[in-house]
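Reviewing the structure listed below.
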Amino acid sequence: MSELMKYALVTGGSGGIGGAICKQLATDGFRVLVHYNSNQEEALKVVTHITEAGGFAETIQFDVTRLEEVQQVLKSWREQHDETSYIAVLVNNAGISKDTLMVWMEPADWHSVINTNLNSFYYVTSVLLKDMIIKKWGRIINVVSLSGIKGLPGQTNYSAAKAGVIGATKALAQEVGKKKVTVNAVAPGYIKTEMVKNLDESQLKNLIPVNRFGKPEEVAATVGFLASEGAAYITGEVININGGLYT
Ligand code: NDP
647 MSELMKYALV TGGSGGIGGA ICKQLATDGF RVLVHYNSNQ EEALKVVTHI TEAGGFAETI
707 QFDVTRLEEV QQVLKSWREQ HDETSYIAVL VNNAGISKDT LMVWMEPADW HSVINTNLNS
767 FYYVTSVLLK DMIIKKWGRI INVVSLSGIK GLPGQTNYSA AKAGVIGATK ALAQEVGKKK
827 VTVNAVAPGY IKTEMVKNLD ESQLKNLIPV NRFGKPEEVA ATVGFLASEG AAYITGEVIN
887 INGGLYT
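So in our numbering the end of the sequence shown lands on 893, straight run, no missing numbers.
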């Protein structure tokens, strides 16, 4: 097993939380595939950061909502690498929100959020799972949300998508545990990234026992732990990273 080259694919590596996860996994010794959809510039910045620190990283591009595109890109990656290399860690992190009250929600708001956050889980994971099973070592880590546990008003689409991924996490964990593939989720609260740029931290922090928004690195640290050998006996779990915000 030690001669295998383990790659980690982080979807949405061009985003705030994804970028921090890429850097953490590179520090932990994985060869990192920094995924992006539209923001190649940010993905390249993450690659540069990792390579300058002595790690290995390269970009990979696909739209997580397009099944055929996902399959084509990942199959072509597989064909370009021999059997000593495989994607051993998958972090399903790419996501969007389109917040609006249910009475105003357009079909497009519903479908785009379900496609990007939930269907993408199936599209990407189903391609990479077989290799993890064959190699008898894998880590699947899904970035969900407080919203998928508690439900948040204005986010029926997003809460449904994230709750769906939590259900899938628990089910898949039971399917593949015997093959030394673990499947877990992390559920961030408010983390300072583009996604929450329109929220007022000075007001919302009063609801949070730690009294501030979280940093992407504070999500990445837990993802790094779940990807490690030390977390081999943790599967089907959802770990909250929310500064103590009651769920
Ligand atoms: P960002 O907006 O910073 O990043 C979102 C990432 O998702 C980008 O890399 C973007 O790629 C990618 N993405 C969006 N749509 C697609 C698509 N169709 N195909 C491929 N990639 C896509 O957000 P965060 O870093 O904050 O969010 C990361 C994850 O964390 C999400 O799943 C989010 O739901 C979750 N989360 C965030 C919280 C927060 O407070 N920030 C709280 C709880 C959960 P590109 O820009 O290249 O197009």
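Glycine included, C-beta positions come from ideal geometry on N, C-alpha and C. Since the structure is predicted, the reported quantities are computational estimates derived from the model, not experimental observations.
Next on the checklist: Is it buried or exposed, Leu650, if we count other Cβ atoms within 10 angstroms and call 16 or more buried?
Outcome noted: Exposure of Leu650 is indicated by the presence of fewer than 16 other C-beta atoms within 10 angstroms of its C-beta.
Item to check | Cα-Cα separation, Lys691 to Ser684 | outcome: One alpha carbon belongs to Lys691, the other to Ser684, and they sit about 14 angstroms apart.
Checklist entry - When the Cβ atoms of the stretch 807-814 are set against those of the stretch 859-874, are three or more pairs found closer than 8 angstroms? => result In short, these stretches do not touch, since the Cβ pair count stays below three.
Next on the checklist: Can you tell me where the beta strand (DSSP E) holding Met651 begins and where it ends?
Outcome noted: Note, Met651: beta strand (DSSP E), Met651 to Val656.
Item to check | Any non-hydrogen atom of ligand 1 within 6 angstroms of Ile742 CB | outcome: Ile742: yes, Cβ under 6 angstroms from ligand 1.
Checklist entry - Measuring from the CB of Tyr892, is there a heavy atom of ligand 1 at a distance below 6 angstroms? => result Tyr892 Cβ: outside cutoff for every heavy atom of ligand 1.
Next on the checklist: On the CB-based measure, 16 or more other CB atoms within 10 Å of its CB, does Gly662 come out buried or exposed?
Outcome noted: Here Gly662 is buried, its C-beta having at least 16 other C-beta atoms within 10 Å.
Checklist entry - Short check: CB of Val770 to CB of Val832, under 7 angstroms? => result In this structure, the beta-carbon distance from Val770 to Val832 does not fall below 7 angstroms.
Checklist entry - If you compare alpha carbons, which of Arg724, Asn803, Ser731 and Val716 is closest to Leu747? => result Checking every option, the nearest Cα to that of Leu747 belongs to Asn803.
Checklist entry - From Gly700 to Gly664, what distance separates their C-alpha atoms? => result Counting only the Cα atoms, Gly664 lies some 19 angstroms from Gly700.
Item to check | Where the beta strand (DSSP E) through His681 begins and ends | outcome: Arg677 to Tyr682 is the span of the beta strand (DSSP E), which, as asked, contains His681.
Next on the checklist: With the cut-off set at 7 angstroms, would you say Tyr732 and Asp777 are in Cβ contact?
Outcome noted: The Cβ atoms of Tyr732 and Asp777 sit closer than 7 angstroms to each other.
Checklist entry - At which residues does the beta strand (DSSP E) containing Val856 begin and terminate? => result Run containing Val856: none; DSSP gives neither H nor E here.
Item to check | Host beta strand (DSSP E) of Glu704 (start-end) | outcome: Where Glu704 is concerned, the enclosing beta strand (DSSP E) starts and stops at Ala703 to Gln707.
Item to check | Helix, strand or coil at Gly876 [DSSP, three-state] | outcome: In the structure shown, Gly876 sits in a helix (DSSP, three-state: H, G or I).
Checklist entry - Less than 6 angstroms between the CB of Pro834 and some heavy atom of ligand 1, yes or no? => result Pro834 Cβ: within cutoff of ligand 1.
Checklist entry - Would a C-beta distance cut-off of 7 angstroms place Gly784 and Val827 closer than the cut-off? => result Taking 7 angstroms as the Cβ cut-off, Gly784 and Val827 qualify as a contacting pair.
Item to check | Close-in-space but distant-in-sequence residues of the same chain around Thr711 (CB under 7 angstroms, 5 per side omitted) | outcome: So the list reads Asn761, Thr762, Asn765 and Ser766, once near-sequence residues are dropped.
Item to check | Heavy atom of ligand 1 within 6 angstroms of Val693 beta-carbon | outcome: No; taking the cut-off as 6 angstroms, the Cβ of Val693 has no heavy atom of ligand 1 nearer than that.
Checklist entry - Just the Cα atoms here: how many angstroms apart are Phe676 and Leu792? => result Rounded to whole angstroms, Phe676 and Leu792 show a C-alpha spacing of 28 angstroms.
Next on the checklist: Closest to Ala814 by C-alpha separation, out of Thr839, Leu798, Ile786 and Pro834, would be which residue?
Outcome noted: Ranking Thr839, Leu798, Ile786 and Pro834 by Cα distance to Ala814 puts Ile786 first.
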